[in-house]
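In my numbering, the protein residues as written are 3 to 522.
Here is the structure we will look at, set down as structure tokens.
What follows is the structure, given as structure tokens:
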């Protein structure tokens, strides 16, 4: 615990503050509402070094979704942090599932309820590919690849450059919004500011594993989650231009692995080349049949179920900045799929991506053999209207049209001899896309509050390109769901050297201060 939190100054417990403020006059309560953004901003400006130190403390906890011990340590840490702020928090549990960190704050007089979702788990890491340890939380004066230099954490009172970067797993995805929320609650408690909405905090521990238990959790606690007017998903990056954005949906996701077969064992390429079928070549031909050279998916029916966007979404799309050319330069790309359509327009369509290929070896391990198999991992991103299983059915139908016999397990000798082309298809789980209308009254209030906090043009995105299980909240709980990203777009999400730009942490604190005190 920091010296600041150990201080002997008298503070009002947060829950008590809520009750006291309920009996104050309306003008006093509105004054507190209006001060939420200013209070949050003033707090992080006065205590910036402490805010970074506490963020580093959270990042130091390994949080790979498959590590049950590490995940539980993170969950316990967050419960302790919330209770230290006099917020009643608990762990929701299911057998064999990471716990949900849950807190509920009822505000006397509030007429709406906001639920704030984030996830405290992170992607797996290969430490050998990181400049520093994934949980060392190293601070740099800027992005590593742009010449940033390592430096120590700032001392209290030292000027903090918003361009500094903190490198650690989950710095951007998704511990930053959790850390920002904790600081906002701390600032509110010290200043006597009360939220204007009832609040539910819902921090998941297996989002990076596909949220396999999320539906069960929501169904088991449906009564406690009833009456939520809007779910705010605190996840994802801001726009590639660096401008803040709010997204009103997210793509769904599914996928499959395809393995094609040659001989029952690897063969000497000299003795059998030009005679034995080559699985790598067979797979390459199959994959090439799925898309044309412009990136259009050629699978029959792939785009047929797309649900078109409405007038408000079309207007928001037209207002987005033209950033594709700059993004191409940043990424070293001379062309893009679907041109001249923009990235934002392409995100409104389902996509088919080769995520990985495997057949034999390359580099120093290359051998003069014909491998016995070749495997491709395919990812399918979904938009509103697409059903995950139906989309995989279309992919399988295309594989059959190319002359392949599909199996679910390793083929036996009889199957091999009966079919010239064999493909083992292994389906992944998945979930559909979701979208919330932009013209809902609660959504308009959220937009107004976010614009006030951002201090610059706020971009309104019909949907994120990435995937979140928003459909469970829009369909199962019948609530609006809005994605509120705060991380920098170049945060190396899911990759080595993940990072967060310090200015984006400051933005998150300001934004949450505004959202939690927006007018009724």
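From the three backbone atoms N, C-alpha and C, an ideal C-beta is built for every residue, glycine too.
**Message:** Going by DSSP in three states, residue 146 sits in which element: helix, strand or coil?
**Reply:** As a working note, residue 146 is residue 144 in the chain shown. In the structure shown, residue 146 sits in a helix (DSSP, three-state: H, G or I).
**Asked** Exposed or buried, which one is residue 518 when buried takes at least 16 other CB atoms within 10 Å?
**Response** The sequence position of residue 518 within the chain shown is 516, counting from 1. Classification for residue 518: buried.
**Message:** Suppose you measure from the CA of residue 466 to the CA of residue 254; what does that come to, to the nearest Å?
**Reply:** Counted from its first residue, the chain shown places residue 466 at position 464. Counted from its first residue, the chain shown places residue 254 at position 252. Cα to Cα, residue 466 sits roughly 10 Å from residue 254.
**Request:** Pick out whichever of 446, 46 and 499 has its Cα sitting closest to the Cα of residue 183.
**Result:** Taking the first residue of the chain shown as 1, we reach residue 183 at position 181. Out of 446, 46 and 499, 46 has the C-alpha closest to the C-alpha of residue 183.
**Request:** Quickly, what does DSSP pair residue 375 with across the bridge? List them, please.
**Result:** Working through the chain shown from its first residue, we reach residue 375 at position 373. Paired residue(s): 263.
**Message:** Using a 10 Å radius around the Cβ and a threshold of 16 neighbouring Cβ atoms, would you call residue 336 buried or exposed?
**Reply:** As a first step, residue 336 must be located in the chain shown, where it is residue number 334. That one is exposed.
**Prompt:** In three-state terms, what does DSSP make of residue 478?
**Reply:** Stepping through the chain shown from its first residue, residue 478 is reached at position 476. Residue 478 falls in the helix class under three-state DSSP.
**Message:** Rounding to the nearest angstrom, what Cα-Cα distance links residue 152 and residue 145 in this structure?
**Reply:** Residue 152 sits at position 150 when you count from the first residue of the chain shown. Residue 145 sits at position 143 when you count from the first residue of the chain shown. Their Cα atoms are separated by approximately 10 Å.
**Item:** Buried or exposed by the 16-neighbour rule on C-beta atoms within 10 Å, applied to residue 68
**Value:** Your numbering for residue 68 matches position 66 in the chain shown. So residue 68 ends up on the exposed side.
**Asked** To the nearest angstrom, how far is it from the Cα of residue 385 to the Cα of residue 275?
**Response** Counting from one through the chain shown, the residue named residue 385 turns up at place 383. Counting from one through the chain shown, the residue named residue 275 turns up at place 273. Their backbone Cα atoms lie some 44 Å apart in a straight line.
**Prompt:** Exposed or buried, which one is residue 359 when buried takes at least 16 other CB atoms within 10 Å?
**Reply:** In the chain shown, residue 359 corresponds to position 357, counting from 1. Exposed: under 16 other Cβ atoms inside 10 Å.
**Prompt:** By how many angstroms is the C-alpha of residue 380 removed from the C-alpha of residue 289?
**Reply:** Sequence index remark: in the chain shown, residue 289 carries index 287 (1-based). Sequence index remark: in the chain shown, residue 380 carries index 378 (1-based). One C-alpha to the other measures close to 10 Å.
**Asked** Counting pairs of beta carbons, one from the segment 130–139 and one from the segment 502–511, are three or more of them closer than 8 Å?
**Response** no
**Request:** Just grab the DSSP bridge partners of residue 233 for me.
**Result:** Position 231 of the chain shown, counted from the first residue, corresponds to residue 233. DSSP lists 117 and 483 as partners of residue 233.
**Asked** Is it a yes or a no for the segment 174–182 touching the segment 114–132, going by three-plus beta-carbon pairs under 8 Å?
**Response** yes
**Asked** Are three or more beta carbon pairs between the segment 239–252 and the segment 460–480 nearer than 8 Å?
**Response** yes
**Item:** Proximity to residue 296 [Cα-Cα], best of 451, 342 and 452
**Value:** Along the chain shown, read from residue 1 onward, the residue named residue 296 stands at position 294. Nearest option by C-alpha distance: 342.
**Item:** Exposure label - residue 270; buried when at least 16 CB within 10 Å
**Value:** Looking up residue 270 in the chain shown gives position 268. When all chains shown are included, residue 270 counts as exposed.
**Asked** Does the Cβ of residue 391 have 16 or more other Cβ atoms within 10 Å, making it buried, or fewer, making it exposed?
**Response** Within the chain shown, numbered from 1, the residue matching residue 391 stands at position 389. Its Cβ having fewer than 16 others within 10 Å, residue 391 is exposed.
**Message:** Taking the straight line between their C-alpha atoms, what separation do you get for residue 478 and residue 89?
**Reply:** Taking the first residue of the chain shown as 1, we reach residue 478 at position 476. Taking the first residue of the chain shown as 1, we reach residue 89 at position 87. Rounded to the nearest angstrom, the two C-alpha atoms are 27 Å apart.
**Message:** In the DSSP assignment, the alpha helix (DSSP H) including residue 506 goes from what residue to what residue?
**Reply:** Numbered from its first residue, the chain shown carries residue 506 at position 504. Taken as a continuous stretch (DSSP letters only), the alpha helix (DSSP H) holding residue 506 covers 504–517.
**Request:** Please classify residue 423: does DSSP put it in a helix, a strand, or coil?
**Result:** If you number the chain shown from 1, residue 423 lands on position 421. In this structure, residue 423 counts as coil in the three-state DSSP scheme.
**Item:** Alpha-carbon spacing of residue 267 relative to residue 284, whole angstroms
**Value:** The residue labelled residue 267 in the question sits at position 265 within the chain shown. The residue labelled residue 284 in the question sits at position 282 within the chain shown. Residue 267 and residue 284: Cα-Cα distance of roughly 16 Å.
**Request:** Give a yes or no on whether the C-beta atoms belonging to residue 91 and residue 84 are separated by under 8 Å.
**Result:** Stepping through the chain shown from its first residue, residue 91 is reached at position 89. Stepping through the chain shown from its first residue, residue 84 is reached at position 82. Yes, they are a contact pair.
**Request:** Just mark residue 257 as buried or exposed, buried being the case when its beta carbon has 16 or more other beta carbons within 10 Å.
**Result:** Position 255 of the chain shown, counted from the start, is the residue given in the question as residue 257. Per the 10 Å Cβ criterion, buried.
**Request:** From the DSSP output, in three-state form, read off residue 169 for me.
**Result:** By 1-based counting over the chain shown, the position of residue 169 is 167. Of the three classes helix, strand and coil, the one that applies to residue 169 here is strand, per DSSP.
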